[in-house]
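Undergrad: Pasting in a structure now, in C-alpha cells, and then I'll have a few things to ask.
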Amino acid sequence: MAIAGFYRRSLPSPPAIEFASPEGKEIFQEALKDGTMEGFFQLIAYFQTQAEPAFCALASLSVVLNALSIDPGKTWKGPWRWFDESMLECCEPLEIVKERGMTFAKVACAGACAGAAVHALRANASSLEEFRQNLILCSKSESQHMIVSYTRTAFQQKNVYREQILRLCFPTFLKQTGTGHFSPIGGYHTGRDLALILDVARFKYPPHWVPVSLLWEAIKSIDPDTGNYRGYMMLTKRDRPPSILYTLSCKDEIWRSISCYLIEDVPRILNDADINSVQDVVSIVLGLLPGKPEKFTSFVKWIAEVRRADNVAANGASEADENLNAKVKVMSQLRGTELYKIVFDWLSVSCVGCDCKLPSISGEDLPLFVRNACCHGAAVMSGMLYGSSGCCTNASVAMRVTNTGKETLVISGSIETVDGLRNHIDVLVPTSRCYGCGSGPNDADTCRPLHPSTGDLLTVLLFALPAETWKSVRNLQVQEKLIDVATCASLPQLLKLEMENLQEQLKLVHSWCLETDRPQSSEQPKATAISSTFISEACGKILKL
Numbered sequence: 001m002a003i004a005g006f007y008r009r010s011l012p013s014p015p016a017i018e019f020a021s022p023e024g025k026e027i028f029q030e031a032l033k034d035g036t037m038e039g040f041f042q043l044i045a046y047f048q049t050q051a052e053p054a055f056c057a058l059a060s061l062s063v064v065l066n067a068l069s070i071d072p073g074k075t076w077k078g079p080w081r082w083f084d085e086s087m088l089e090c091c092e093p094l095e096i097v098k099e100r101g102m103t104f105a106k107v108a109c110a111g112a113c114a115g116a117a118v119h120a121l122r123a124n125a126s127s128l129e130e131f132r133q134n135l136i137l138c139s140k141s142e143s144q145h146m147i148v149s150y151t152r153t154a155f156q157q158k159n160v161y162r163e164q165i166l167r168l169c170f171p172t173f174l175k176q177t178g179t180g181h182f183s184p185i186g187g188y189h190t191g192r193d194l195a196l197i198l199d200v201a202r203f204k205y206p207p208h209w210v211p212v213s214l215l216w217e218a219i220k221s222i223d224p225d226t227g228n229y230r231g232y233m234m235l236t237k238r239d240r241p242p243s244i245l246y247t248l249s250c251k252d253e254i255w256r257s258i259s260c261y262l263i264e265d266v267p268r269i270l271n272d273a274d275i276n277s278v279q280d281v282v283s284i285v286l287g288l289l290p291g292k293p294e295k296f297t298s299f300v301k302w303i304a305e306v307r308r309a310d311n312v313a314a315n316g317a318s319e320a321d322e323n324l325n326a327k328v329k330v331m332s333q334l335r336g337t338e339l340y341k342i343v344f345d346w347l348s349v350s351c352v353g354c355d356c357k358l359p360s361i362s363g364e365d366l367p368l369f370v371r372n373a374c375c376h377g378a379a380v381m382s383g384m385l386y387g388s389s390g391c392c393t394n395a396s397v398a399m400r401v402t403n404t405g406k407e408t409l410v411i412s413g414s415i416e417t418v419d420g421l422r423n424h425i426d427v428l429v430p431t432s433r434c435y436g437c438g439s440g441p442n443d444a445d446t447c448r449p450l451h452p453s454t455g456d457l458l459t460v461l462l463f464a465l466p467a468e469t470w471k472s473v474r475n476l477q478v479q480e481k482l483i484d485v486a487t488c489a490s491l492p493q494l495l496k497l498e499m500e501n502l503q504e505q506l507k508l509v510h511s512w513c514l515e516t517d518r519p520q521s522s523e524q525p526k527a528t529a530i531s532s533t534f535i536s537e538a539c540g541k542i543l544k545l
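The following block contains the structure:
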C-alpha cells in the first residue's frame with residue numbers, strides 16, 4: 001500500500017524570505033553591519049533539528065542552553081556534558097511531549113530547571129513595541145537569546161489539498177503537532193524591521209526572515225490546548241549555580257494542587273489558625289498538604305549522581321565524587337537546621353510518610369525511588385528514553401568508600417544499548433548520618449547512613465515558601481521565630497543557594513497553575529478554595545495529634 005510523503009514545504013514568500021536566498025543573504029550582511037546579529041553565531045554553532053515532530057520546544061531549548069554554555073551537570077554520551085532533548089524532561093515526561101508537545105509555561109519551566117534565568121512574557125502582558133525592543137536587545141547580545149512561541153498559520157498559505165491528504169492518511173498527525181511552534185530568534189534587521197527565525201523543524205522550513213509585526217500577530221494568538229496566549233521568553237545564564245541536590249518536578253499532575261496550596265492557601269490557613277509554636281505551623285502546613293506521601297514526594301525530588309563504572313579517575317577524586325561531596329554537604333547542612341529537626345519530630349509522631357525505620361543497604365529494603373535511579377541513570381547515559389527499554393540488570397547495592405575517603409551508597413548495574421553495547425553504571429547516592437525519632441542525633445555507632453528521605457524533602461518544601469508566608473501568622477512571637485528558622489537568610493551559603501533556586505522554581509510553577517492544558521486525574525485532589533470552617537476544624541484535629 002502506498003502512503004503519502006512530503007519533502008519539506010514551500011516557504012510562503014512573501015511574507016517570509018529564505019535566509020539562504022540572495023535577498024536573505026543581503027539582509028544578513030546589512031544586519032551584521034548594524035550589530036543586530038551578535039547572538040546569531042553562538043546559536044548557529046549549536047543549531048539542531050528537532051528529533052520528533054513535537055520536540056520543537058525541546059530542540060529550541062537545547063540550542064539556546066548550549067549557546068549560553070550552561071553546564072548540564074551530567075553527561076550526554078561518553079564523557080561529554082551537552083544538552084540534548086532527552087535531558088530536558090524535568091517538567092514533562094518525554095513520552096507526553098512526543099505525543100502532545102509542550103505548553104509555553106512548561107518550556108519556561110524546563111529552561112529554569114536546566115540552569116537558565118528565564119524571563120517569560122505572554123503576549124497579553126507585552127506589546128509589539130516591547131517585543132521589538134526585547135528582540136533588538138537579544139540580537140545585540142551574545143549572552144541573551146530569545147525563543148518565541150507562535151502559530152504558523154500567520155505565515156502559511158493554506159493548502160487545502162495537502163491538509164485533506166494528511167487528515168486521511170495520518171489522522172493523528174495534525175493533533176500531534178497542531179499549529180503551534182517554538183523556535184529561537186537569530187537576529188534582527190533594523191531598516192526593514194525583520195526577525196530571523198531559526199526554525200528547528202528544518203525538515204519543514206529553512207531559517208527565514210519575517211516581518212516583526214507579522215511575527216507579533218503570530219505570537220499574539222491563543223493556544224487552543226490551554227486557552228492562554230502564546231508568548232516569548234529571554235534566556236540568560238544564571239549568576240548563581242544550578243541546584244545540586246533538590247529540585248521540583250511537574251511530571252505528576254499533583255504539582256498543580258501542591259503549588260496552589262503552598263502559595264495561595266497556606267497564608268490564609270496560617271492567618272485563620274490559632275497558632276502557639278513553630279511546631280503548630282509545621283503540623284498544619286504539612287498535615288493539610290494535598291495528596292499521599294508518595295505523591296508530594298513526586299513534586300520535590302533529590303538528584304542522584306550517575307557515572308559510568310569505568311569512568312573513575314586513576315589519581316585523586318573523580319568529578320562524580322566531587323559532585324557527590326557537594327550533595328552530601330548540602331544534605332548535612334539541611335539536617336543541621338532547626339526546621340529539619342522539627343519536621344523529623346512531626347514525622348515520627350504523625351507517621352505521614354515516615355521513614356524513621358532506617359533502611360538497610362540491601363536492594364530489597366532500599367526504597368523503590370532509589371532503585372529506580374539506576375534505571376533512569378542507565379537510560380540517560382545510554383542515550384535512550386527512560387522506560388523505552390529494559391532496566392538495569394544484575395543490579396547490586398553496597399557501601400563503598402569514594403576516592404575522597406567518604407563512605408557512600410552505590411547502586412551498580414548494567415544496560416544494553418540499542419546497538420548492542422553494554423554500559424556499566426554506578427549511581428552514587430548521597431548519604432549522611434541521620435537523626436533518630438527525637439531532636440538529638442543517635443549514637444554514631446548505631447546510626448546507619450541514610451539517603452535523602454521524606455523528612456529532607458518536606459523540610460526543603462518549607463524552605464522554598466516565600467518569606468512573606470510566615471507574616472500571615474498572627475502570633476508575633478511565632479512569626480519572629482519562623483522568620484529565623486524557616487527562611488533562607490541565615491542558612492549556610494551552599495544550602496542558601498539551593499533553597500533560593502527552589503524558591504524561584506516554586507514561583508514559576510505557581511504562575512502556571514492557571515493553565516488547564518492537562519485534565520486533572522481522578523485520584524488527584526482538585527485545587528479548590530478552602531473554607532474558613534474547614535480550616536478551623538482541620539487545624540484543630542491536626543493540633544490534637
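Numbering-wise (the UniProt record's numbering), the sequence shown opens with residue 1 and increments by one.
Beta carbons: idealized from backbone N, C-alpha and C, even for Gly.
Considering only their Cβ atoms, is the gap separating residue 134 from residue 275 smaller than 8 Å?
TA: In this structure, residue 134 does not lie closer than 8 Å to residue 275 by Cβ.
Undergrad: Who are the Cβ neighbours of residue 261 in its own chain at under 6 Å, not counting the five residues just before and after it?
TA: Answer for residue 261: 290, listed in chain order.
Undergrad: Using 8 Å as the threshold, is the stretch 239-247 in touch with the stretch 494-503, meaning 3 or more CB pairs across them?
TA: They touch, by the three-pair rule.
Undergrad: Roughly how many whole angstroms lie between the Cα atoms of residue 326 and residue 188?
TA: If you take the alpha carbons of residue 326 and residue 188, they lie about 42 Å apart.
Undergrad: Measuring from the CB of residue 204, is there a heavy atom of the ligand SAM at a distance below 7 Å?
TA: Inclusion of the ligand SAM in the displayed structure is not the case, the ligand content being empty and no account of it being possible.
Undergrad: Could you have a look at residue 122 and say whether DSSP puts it in helix, strand or coil?
TA: Correct three-state label for residue 122: strand.
Undergrad: Kindly confirm or deny that the stretch 192-200 and the stretch 47-60 touch, where touching means at least three C-beta pairs closer than 8 Å.
TA: At 8 Å Cβ cutoff, the stretches touch.
Undergrad: If you draw a straight line from the C-alpha of residue 269 to the C-alpha of residue 287, how long is it?
TA: Distance between the alpha carbons of residue 269 and residue 287 is about 12 Å.
Undergrad: How long is the line joining the alpha carbons of residue 349 and residue 452, rounded to whole angstroms?
TA: Spanning the two alpha carbons is a distance of roughly 19 Å.
Undergrad: How many angstroms separate the CA atom of residue 347 from the CA atom of residue 296?
TA: Rounded to whole angstroms, residue 347 to residue 296 spans 14 Å at the Cα level.
Undergrad: Fully enclosed by the stretch 194-275, which beta strand (DSSP E) runs are 3 residues long or longer?
TA: Segments of the beta strand (DSSP E) lying fully in the stretch 194-275: 194-197, 208-211, 231-237 and 246-248.
Undergrad: My understanding is that residue 508 touches residue 112, with C-beta atoms under 8 Å, so please give their C-beta distance in whole angstroms.
TA: Confirmed, Cβ separation roughly 6 Å.
Undergrad: Nearest to residue 64 by alpha carbon, out of 97, 42 and 24?
TA: It is 42 whose Cα lies nearest to the Cα of residue 64.
Undergrad: Looking only at its own chain, which residues have a Cβ that is under 6 Å from the Cβ of residue 354, when we skip the five neighbours before and after it?
TA: At residue 354 the pLDDT is 45, less than 50, meaning the model places this residue with poor confidence; the figure from the coordinates comes in the next sentence. 347.
Undergrad: Quick one: what does DSSP say residue 38 is sitting in, helix, strand or coil?
TA: Here residue 38 sits in coil by DSSP.
Undergrad: Would you say the stretch 479-493 touches the stretch 218-238, given that touching needs at least three Cβ pairs under 8 Å?
TA: Verdict: no, contact absent.
Undergrad: Taking residue 138 and residue 110 to be in contact with their CB atoms under 8 Å, please state how far apart those CB atoms are, rounded to whole angstroms.
TA: Not quite, the Cβ-Cβ distance comes to about 19 Å (not below 8 Å), so this is no contact.
Undergrad: Give me whichever residues DSSP pairs with residue 300 in a beta bridge.
TA: Note: residue 300 sits in a beta bridge opposite 248.
Undergrad: Would you decide whether residue 489 is buried or exposed? Buried here means 16 or more other CB atoms lie within 10 Å of its CB.
TA: Counting Cβ neighbours within 10 Å, residue 489 comes out exposed, since fewer than 16 surround it.
Undergrad: What separation, rounded to the nearest whole angstrom, lies between the Cα atoms of residue 190 and residue 210?
TA: Cα to Cα, residue 190 sits roughly 12 Å from residue 210.
Undergrad: Exposed or buried, which one is residue 35 when buried takes at least 16 other CB atoms within 10 Å?
TA: With fewer than 16 Cβ atoms within 10 Å of its Cβ, residue 35 is classed as exposed.
Undergrad: Spatial neighbours of residue 68 within its chain, please: C-beta separation below 6 Å, excluding the five flanking residues on both sides.
TA: Same-chain partners within the cutoff: 237.
Undergrad: Assuming residue 149 is part of the beta strand (DSSP E), what are its boundary residues?
TA: Per DSSP, residue 149 belongs to the beta strand (DSSP E) from 144-151.
Undergrad: Can you give, in chain order, each stretch of the alpha helix (DSSP H) that sits fully within the stretch 83-142 and has at least 4 residues?
TA: Qualifying alpha helix (DSSP H) stretches, in chain order: 94-100, 104-113 and 128-139.
Undergrad: Check each candidate in 263, 257 and 102 and name the one with the smallest Cα separation from residue 470.
TA: Residue 470 has its Cα closest to that of 263, out of 263, 257 and 102.
Undergrad: Just the Cα atoms here: how many angstroms apart are residue 130 and residue 212?
TA: Whole-angstrom Cα-Cα distance: 12 Å.
Undergrad: Sort out for me which residues DSSP pairs residue 305 with in a bridge.
TA: Answer is 428, bridged to residue 305.
Undergrad: Between residue 266 and residue 285, is the Cβ-Cβ spacing less than 8 Å?
TA: Yes, Cβ-Cβ distance for residue 266 and residue 285 is below 8 Å.
Undergrad: Rounded to whole angstroms, how far is the Cβ of residue 329 from the Cβ of residue 494, which I believe are closer than 8 Å?
TA: 6 Å between Cβ atoms; contact.
Undergrad: Which residue or residues does DSSP assign as beta-bridge partners of residue 182?
TA: Paired residue(s): 149.
Undergrad: Looking only at C-alpha atoms, which of 56, 87 and 58 sits nearest to residue 71?
TA: Residue 71 has its Cα closest to that of 87, out of 56, 87 and 58.
Undergrad: For residue 282 versus residue 473, is the C-beta distance shorter than 8 Å?
TA: Not closer than 8 Å, so no.
Undergrad: Out of 206, 487, 302 and 323, point me to the one whose CA is closest to residue 11's CA.
TA: The option with the nearest alpha carbon to residue 11 is 206.
Undergrad: Can you name the start and end residues of the alpha helix (DSSP H) that residue 504 belongs to?
TA: Unbroken alpha helix (DSSP H) run through residue 504: 493-511.
Undergrad: For residue 52, does the three-state DSSP call read helix, strand or coil?
TA: The answer is coil: DSSP assigns residue 52 none of H, G, I, E or B.
Undergrad: So, under 8 Å CB-CB, residue 305 and residue 428 are touching, yes? Tell me the CB distance rounded to an integer number of Å.
TA: Contact holds; Cβ gap of about 4 Å.
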